[in-house]
Amino acid sequence: MSKQLIEFANKKGDYYVELAEEHLRSREPNKAKSLLLSAVEWYKKGGNEEKAKITQQKADEIEV
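Dropping the structure here:
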């Protein structure tokens, strides 16, 4: 995988996490959880297992 694609995947994951935090503040836990799970997939694509694990834990903590 190219360095550029790895950077893109990690930035996409970061974006989804930020968006999920906004949805949590707006009391939309379903959307937030969905975004966090999408971020986990992007982090995995980018090879960032540590961020994927942390984000997965955040998603698991959300009660829907």
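Throughout the sequence shown, residue numbering follows numbering that gives the first Met the number 0, covering 0 to 63 in sequence.
Positions of the beta carbon are idealized from the N, C-alpha and C atoms, including for glycine.
All values reported here derive from a predicted model rather than from experimental measurement.
For residue 33, the uninterrupted alpha helix (DSSP H) run begins and ends at 28 to 44, by DSSP. Annotation: the continuous alpha helix (DSSP H) that includes residue 53 extends over 48 to 60.
Inclusion of residue 15 and residue 37 in the CB contact set at 7 Å is warranted, their separation being smaller than that value. For the pair of segments examined, the stretch 19 to 27 was found not to touch the stretch 0 to 7: the number of CB pairs separated by less than 8 Å stays below three. With fewer than 16 neighbouring CB atoms inside 10 Å of its own CB, residue 46 falls in the exposed class.
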